[in-house]
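Sequence order for the protein chains is D and S. 20 is the number of the first residue of the first sequence in the working numbering; add one for each residue after it. 150 is the number of the first residue of the second sequence in the working numbering; add one for each residue after it. Let me begin by presenting the structure, written as structure tokens, before commenting on it.
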Amino acid sequence: MIHHYDVLIIGGGLTGLRAALRVSDAGLNGAVVSKVHPLRSHSVAAQGGMNASLGNVKGEDGTKDSWKNHAYDTVKGSDYLADQDAVERLCREAPTAVIELEHMGTVWSRLADGKIAQRPFGGAGFPRTCYAADRTGHNALHTLYEHVSGRQIPVYEEFFVTSLVTKDGRCIGCTALELMTGQVHGFLAKAVLMASGGFGRIFNKSTNALINTGDGPALALRAGALLKDMEFVQFHPTTLYGTNILITEGARGEGGILLNQNGERFMERYAPNSVDLAPRDVVARSIEQEIAEGRGYDGGYVHLDLRHLGAARITERLPGIRQIAIDFAGVDPIQDPVPVQPGQHYSMGGIDADINGATALPGLYAAGECACISVHGANRLGGNSLVETVVFGRLVAEKIIEDVEEMTLANDEPVKAAIKSTNDRIEGILRREGGELVFGIKDVMTNNMSNKFGIFREKQKMREGLDEIKKIQEQVGHVSLQNKERKLNQALIRFLELEGMLLLAEAVARGALAREESRGSHKRTDYPERDDLNFLKHTLVGLRDDTMHVSYKPVTLGVFEPRERVY
Amino acid sequence: MKLKVYRYHEGMAAPRYDTFQLVPSPAMTVLEALFQFQEKLDDSLAFRYSCRGAVCGTCAMLINKVPRLACRTQVESLLKGNLKVAIAPYPAIGETVPWDPEEEVLVEPLPHLPVIRDLIVDMGIFFQYYRFIAPVFRPSDPDPEKERIMDPAAVKKLETYTNCVLCAACHAACPVVGQNPEYLGPAALAKLYRFHVDPRDVEEDSTLKRADIPNGWWACDLYGNCNRVCPKGVPPRTAIEKAVAALNKEKKEA
Ligand SMILES: Cc1cc2nc3c(=O)[nH]c(=O)nc-3n(C[C@H](O)[C@H](O)[C@H](O)COP(=O)(O)OP(=O)(O)OC[C@H]3O[C@@H](n4cnc5c(N)ncnc54)[C@H](O)[C@@H]3O)c2cc1C
Ligand code: SF4
Ligand code: FES
């Protein structure tokens with residue numbers, strides 16, 4: 020079956036839904052395809068908030084925030100790798116994006132004067148983060164979905180996109196496997212927007228939803244787009260030991276302290292001034308070092324101690340965190356310290372896209388966490404990615420609306436052919452017998468990524484890691500599934516995800532090996548310093564004849580001159 | 150430590166139950182147990198998942214005869230008998246298979262929704278009722294340049310209802326839904342109430358009217374199972390009672 024649209028949006032998270040509304044405003048015929056119901060997208064899990072210089076709360080010295088301050092903090096946070104024109108656009112548009120959501124119905128938390136509340140966040144010079152309690156993503160996503168469903172914008176739920184279709188060097192649609200029926204559908208469109216979210220799950224310890232397997236960037240890479248800055252992966256210092264659910268920075272903001280196995284407040288050694296509230300990357304590295312040097316607990320974690328705050332303060336200020344600790348670790352922070360360890364949290368890299376979301380493949384656009392428009396550079400600030408989703412969800416949709424005006428739909432033939440080859444591929448996978456099971460291989464890959472491309476990186480280890488990835492890529496060709504059915508075959512989905520994840524793993528590995536410097540989240544023990552002379556540039560990875568190639572392109576600098584990043 | 154799981158797919162004459170010996174791990178959730186089942190025993194087991202952190206509302210199922218989120222429910226606590234929820238009995242949670250609650254965790258699909266395969270149900274009707282109540286913020290005044298001003302206390306009150314993750318646990322726990330499949334159900338009604346109590350929406354009464362039909366507010370029998378099973382502390386029954394009171398008052402005045 021082939022469906023025809025002006026604009027096809029892959030992904031039903033904040034980015035995809037914001038774009039869908041804009042496309043519908045323009046009177047175009049758009050649709051959303053999502054492998055889960057849109058409300059189950061990872062955006063729903065975002066806790067802390069969305070940055071915008073509304074200026075509702077004054078800074079410490081009584082001055083008012085501005086988009087320029089926001090831009091400065093973002094560029095500095097990025098360790099100067101962000102493109103400053105893109106950052107400017109993000110920060111100028113951020114207040115509008117937050118107000119738009121408010122007008123659509125989002126219930127933001129409020130100040131005593133009734134305006135949208137804003138709180139301080141790491142790396143920001145002003146209280147700039149707008150929030151809806153600790154459920155910002157949930158509130159924003161439900162609002163957008165309410166409008167999407169109210170306008171009856173078509174949503175293909177539980178459709179797993181299996182390939183992008185190209186014709187004469189242009190993306191003209193995609194194929195997707197309908198989970199419930201096992202049928203492969205074709206979609207033909209004048210433009211395709213990839214809004215498929217992050218790829219955190221290539222690491223074994225991640226705060227991301229289980230569905231964040233990075234399918235979009237892998238599909239785009241195969242179809243001829245490029246990936247950018249894939250080596251920049253953010254690790255959050257405090258994720259719950261066991262499930263790696265995020266324990267927000269707020270827990271330390273309220274006075275929580277980190278302790279090693281000897282009961283020592285080790286952050287005093289690493290960051291004598293800011294101690295437990297040092298920037299994320301610093302705290303994450305410190306915890307990692309404590310564990311590596313044998314001062315962590317068995318299994319690799321340290322303690323986040325909140326007990327001294329007392330029951331009243333914990334239940335009032337950190338109810339969500341307490342609930343998480345009880346539900347997921349069986350620990351009540353009022354009585355016991357919470358076991359935490361660093362975990363993957365955010366993918367700065369993604370599909371290489373320009374300031375309008377256009378990729379190297381005409382007809383394909385990208386926005387949100389799957390994209391690298393490069394507003395986060397080498398390190399994302401908390402609260403900046405939610406705002407990126409709604410700002411660029413809208414702006415990229417606007418560019419698409421402009422671009423498709425004079426376009427006509429291609430004919431169905433290439434999509435028909437793609438449906439056939441997808442069906443053949445699936446049949447081929449289902450026919451295989453006797454190989455290894457998909458789950459074990461996935462664990463080997465995710466462990467490899469965390470061990471070799473984690474918080475500390477070094478040439479020898481990374482070489483081994485890359486060899487391992489190549490080996491697993493070989494193995495995956497022989498994987499077989501017990502479940503041979505077409506309908507609702509989740510093992511098959513897991514396999515298709517794994518294939519893509521292995522491509523991204525290689526892209527991360529190649530980017531990280533080639534970048535012989537330390538910048539933002541990319542910390543090389545063998546190259547501990549930032550090297551602007553040789554590496555103030557974006558890494559690009561492309562696929563030619565099934566081989567990955569690394570190249571570079573310059574960073575768009577601007578008014579903020581690269582300086583040493585000190586906090 | 151065992152998992153007893155409901156299995157069904159098209160073509161089977163009747164559902165069956167598979168029992169699986171779990172490899173214990175600390176603080177294991179039912180969702181993790183299901184992954185273990187899928188990875189070690191049978192990769193054809195079907196269940197929905199996404200966030201694994203009790204925020205996305207994907208993984209509600211009937212666990213030890215109570216609708217709950219699999220990712221938030223710990224196997225060990227269940228076996229210890231710590232997670233009992235007293236809900237009013239209704240046909241859909243009657244005995245289906247013998248099980249030993251000290252040894253086994255019984256996992257079945259959410260009642261009141263058609264089973265597609267194993268633990269996956271068709272949520273179609275649930276979202277149809279959601280759409281029916283038209284949950285869209287549509288204030289009658291024009292949008293101001295900036296945000297609409299809101300009293301922080303009003304926000305607190307609203308949050309009680311915006312917290313709903315649309316997991317359908319309440320829908321599955323409602324005896325009335327079981328008897329009357331056309332009842333809009335607790336989730337849709339609680340969602341509608343959220344718009345009613347939004348102080349920015351000045352057209353207050355018309356909001357409640359959207360469910361002023363026999364299968365809307367008036368169908369509720371106040372069992373209260375919804376309030377008890379909601380993993381997010383949303384109280385649909387309370388919302389319905391308040392809505393009914395408001396509508397009655399309005400009718401009396403008119
Ligand atoms: C625990 C946590 C807390 C966070 N908190 C914050 C915060 O407070 N502030 C902040 O700024 N950022 C935060 N972030 C980051 C932020 O939430 C994400 O970057 C953002 O939500 C991504 O949105 P998105 O729309 O790009 O993608 P997503 O919301 O991830 O949506 C991706 C969509 O793509 C679809 N999709 C993917 N692959 C396929 C496929 N093959 N076929 C079909 N559909 C597909 C999915 O179904 C989904 O609908 C947090 C992240 C985590 C992990
Ligand atoms: S009210 Fe509670 S139980 Fe019902 S759908 Fe919402 S979150 Fe789930
Ligand atoms: S997986 Fe999201 S609520 Fe359980």
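Glycine residues also receive a C-beta, built at the ideal position from the N, C-alpha and C atoms.
Under 8 Å, Cβ to Cβ, is there at least one residue of chain D near A337 (chain S)? The count along the second sequence starts at 1 and reaches residue 337 (chain S) at position 188. So no, A337 (chain S) is outside the interface.
Straight-line gap, K340 (chain S) to A302 (chain S) (C-alpha atoms, nearest Å): As a position in the second sequence, residue 340 (chain S) is number 191, starting the count at 1. As a position in the second sequence, residue 302 (chain S) is number 153, starting the count at 1. C-alpha separation (whole angstroms): 19 Å.
Within 10 angstroms of the Cβ of D550 (chain D), are there 16 or more other Cβ atoms? Answer buried if so, exposed if not. Taking the first residue of the first sequence as 1, we reach residue 550 (chain D) at position 531. D550 (chain D) comes out exposed.
Pull up the distance between the alpha-carbon of G68 (chain D) and that of K401 (chain S), whole angstroms please. In the first sequence, counting from the first residue as 1, residue 68 (chain D) sits at position 49. In the second sequence, counting from the first residue as 1, residue 401 (chain S) sits at position 252. The alpha-carbon separation between G68 (chain D) and K401 (chain S) amounts to approximately 45 Å.
Using a cut-off of 9 Å between C-beta atoms, extract the partners of Q223 (chain S) located in chain D. Numbered from its first residue, the second sequence carries residue 223 (chain S) at position 74. Within chain D, the residues near Q223 (chain S) are D346, F347, G349.
Anything in chain D within Cβ reach of T309 (chain S), meaning under 8 Å, just list it in chain order. Position 160 of the second sequence, counted from the first residue, corresponds to residue 309 (chain S). The premise fails here: T309 (chain S) is roughly 11 Å from chain D at the closest Cβ pair, so nothing lies under 8 Å.
Taking M299 (chain S) as the query, report the chain D residues whose CB atoms sit under 7 Å from its CB, ordered along the chain. By one-based count along the second sequence, residue 299 (chain S) stands at place 150. What M299 (chain S) touches in chain D: R129, G133.
Looking at the secondary structure, which residues open and close the beta strand (DSSP E) in which G216 (chain D) lies? One-based indexing of the first sequence puts residue 216 (chain D) at position 197. G216 (chain D): not part of any beta strand (DSSP E); DSSP gives it neither H nor E.
Ordered along the chain, which non-local residues of its own chain (more than five positions away) have a Cβ less than 7 Å from that of G77 (chain D)? Stepping through the first sequence from its first residue, residue 77 (chain D) is reached at position 58. Note on identity: in this sequence residue 77 (chain D) is Lys, with Gly being the wrong assignment. Here K77 (chain D) has K83 as same chain residues with Cβ atoms under 7 Å from its own Cβ, once five neighbours each way along the sequence are excluded.
Check the DSSP bridge columns for P216 (chain S) and list the partner residues they point to. Locating residue 216 (chain S) in the second sequence gives position 67, where the first residue counts as 1. Looking at the DSSP output, P216 (chain S) sits in a beta bridge with S:L211.
I'd like the list of long-range same chain contacts for D361 (chain S), defined as Cβ closer than 7 Å, with 5 residues on each side in sequence excluded. Indexing the second sequence from 1 puts residue 361 (chain S) at position 212. The answer, listed in chain order, is L396.
Ends of the alpha helix (DSSP H) at Y342 (chain S)? Counting from one through the second sequence, the residue named residue 342 (chain S) turns up at place 193. Looking at the DSSP string, the run of the alpha helix (DSSP H) that includes Y342 (chain S) is 334-345.
I think G319 (chain D) touches Q360 (chain D), with their Cβ atoms under 8 Å apart; what is that distance to the nearest whole Å? Stepping through the first sequence from its first residue, residue 319 (chain D) is reached at position 300. Stepping through the first sequence from its first residue, residue 360 (chain D) is reached at position 341. That pair is a contact at about 6 Å.
If distances are taken between C-alpha atoms only, which option among D:R154, D:M367, D:T427 comes closest to A208 (chain D)? Reading the first sequence from its first residue, position 189 is the one you call residue 208 (chain D). For the residues D:R154, D:M367, D:T427, the minimum Cα distance to A208 (chain D) belongs to D:T427.
Tell me whether H497 (chain D) is buried or exposed, calling it buried when 16 or more other Cβ atoms sit within 10 Å of its Cβ. The residue labelled residue 497 (chain D) in the question sits at position 478 within the first sequence. It is exposed - the Cβ of H497 (chain D) has fewer than 16 other Cβ atoms within 10 Å.
So, at 7 Å on beta carbons, what are the nonlocal neighbours of D324 (chain D) in its own chain, with the 5 sequence-adjacent residues on each side left out? Locating residue 324 (chain D) in the first sequence gives position 305, counting from the first residue. G275, I276, L278, P356, listed in sequence order.
Pick from D:D80, D:R41, D:G74, D:L33: whose alpha carbon is nearest that of P57 (chain D)? Looking up residue 57 (chain D) in the first sequence gives position 38. Of D:D80, D:R41, D:G74, D:L33, the residue nearest in Cα terms is D:L33.
How about P385 (chain S): is its Cβ closer than 7 Å to a heavy atom in ligand 2? Walking along the second sequence from the start, residue 385 (chain S) turns up at place 236. Result yes, Cβ under 7 Å from ligand 2.
Where does A311 (chain D) land, buried or exposed, given buried means 16+ other C-beta within 10 angstroms? Numbered from 1 along the first sequence, position 292 holds the residue referred to as residue 311 (chain D). A311 (chain D) counts as exposed, since fewer than 16 other C-beta atoms from the protein chains shown sit within 10 angstroms of its C-beta.
Is there a C-beta anywhere in chain D that falls below 8 Å from the one on I212 (chain S)? Position 63 of the second sequence holds residue 212 (chain S). Not one chain D Cβ lies under 8 Å of I212 (chain S).
If you follow the beta strand (DSSP E) that D132 (chain D) is part of, which residue opens it and which one closes it? Here residue 132 (chain D) refers to the residue found at position 113 when the first sequence is read from its first residue. No beta strand (DSSP E) contains D132 (chain D), which DSSP labels as neither H nor E.
Please confirm whether any heavy atom of ligand 1 lies closer than 7 Å to the CB of S540 (chain D). If you number the first sequence from 1, residue 540 (chain D) lands on position 521. No, the Cβ of S540 (chain D) stays beyond 7 Å of every heavy atom of ligand 1.
Listing by chain order, which chain S residues have their CB less than 9 Å from the CB of R336 (chain D)? Working through the first sequence from its first residue, we reach residue 336 (chain D) at position 317. The premise fails here: R336 (chain D) is roughly 15 Å from chain S at the closest Cβ pair, so nothing lies under 9 Å.
Contact set between N223 (chain D) and chain S, taken where Cβ atoms lie within less than 7 Å: The residue you call residue 223 (chain D) lines up with position 204 of the first sequence. Per Cβ cutoff of 7 Å: no residues; N223 (chain D) is ~14 Å from chain S at best.
So does Y198 (chain S) have its beta carbon nearer than 7 Å to some heavy atom of ligand 3? Translated into positions along the second sequence, residue 198 (chain S) becomes position 49. At least one heavy atom of ligand 3 sits closer than 7 Å to the Cβ of Y198 (chain S).
Identify the contact partners of S168 (chain D) in chain S, using a Cβ-Cβ distance below 7 Å as the criterion. Counting from one through the first sequence, the residue named residue 168 (chain D) turns up at place 149. What S168 (chain D) touches in chain S: R280.
Chain D residues whose Cβ lies nearer than 7 Å to that of P164 (chain S): As a first step, residue 164 (chain S) is located in the second sequence; it is residue number 15 there, counting from the start. Close to P164 (chain S), with beta-carbon spacing below 7 Å, lies no residue of chain D; the smallest spacing is near 15 Å.
Could you pull out every unbroken alpha helix (DSSP H) segment of at least 4 residues lying fully inside the stretch 268-352 of chain S, listed in chain order? Whole alpha helix (DSSP H) segments, 4+ residues: 273-281, 301-311, 318-322, 324-328, 334-345.
Spatial distance of K15 (chain D) from G382 (chain S) (CA atoms): Outside the shown range of chain D (20 to 586) lies residue 15 (chain D), about which nothing can therefore be said.
What's the C-alpha gap between M567 (chain D) and L238 (chain D)? The residue labelled residue 567 (chain D) in the question sits at position 548 within the first sequence. The residue labelled residue 238 (chain D) in the question sits at position 219 within the first sequence. Straight through space, the alpha carbons of L238 (chain D) and M567 (chain D) are spaced by roughly 14 Å.
Relative to chain D, which residues along the stretch 195-206 of chain S have a C-beta separation below 9 Å, given in chain order? Against chain D - using a Cβ distance shorter than 9 Å - the residues of the stretch 195-206 of chain S are A195, F196, R197, Y198, S199, C200, R201, G202, A203, V204, C205, G206.
Give the interface partners of R266 (chain S) over in chain D, defined as CB-CB distance under 7 Å, in chain order. For the purposes of this step, residue 266 (chain S) is taken as the residue at position 117 of the second sequence. Chain D residues near R266 (chain S): L507.
Return the CA-CA distance between A322 (chain S) and R314 (chain D), expressed in angstroms with no decimal places. Position 173 of the second sequence, counted from the first residue, corresponds to residue 322 (chain S). Position 295 of the first sequence, counted from the first residue, corresponds to residue 314 (chain D). Each residue's alpha carbon lies about 48 Å from the other.
G81 (chain D): buried (16+ other C-beta within 10 angstroms of its C-beta) or exposed? Position 62 of the first sequence, counted from the first residue, corresponds to residue 81 (chain D). Result: exposed.
Express the C-alpha separation of N553 (chain D) and P173 (chain D) in angstroms, rounding to a whole number. Reading the first sequence from its first residue, position 154 is the one you call residue 173 (chain D). Reading the first sequence from its first residue, position 534 is the one you call residue 553 (chain D). P173 (chain D) and N553 (chain D): Cα-Cα distance of roughly 48 Å.
Compute the Euclidean distance between the alpha carbons of H23 (chain D) and R297 (chain S), then round it to the nearest angstrom. Position 4 of the first sequence, counted from the first residue, corresponds to residue 23 (chain D). Position 148 of the second sequence, counted from the first residue, corresponds to residue 297 (chain S). Each residue's alpha carbon lies about 39 Å from the other.
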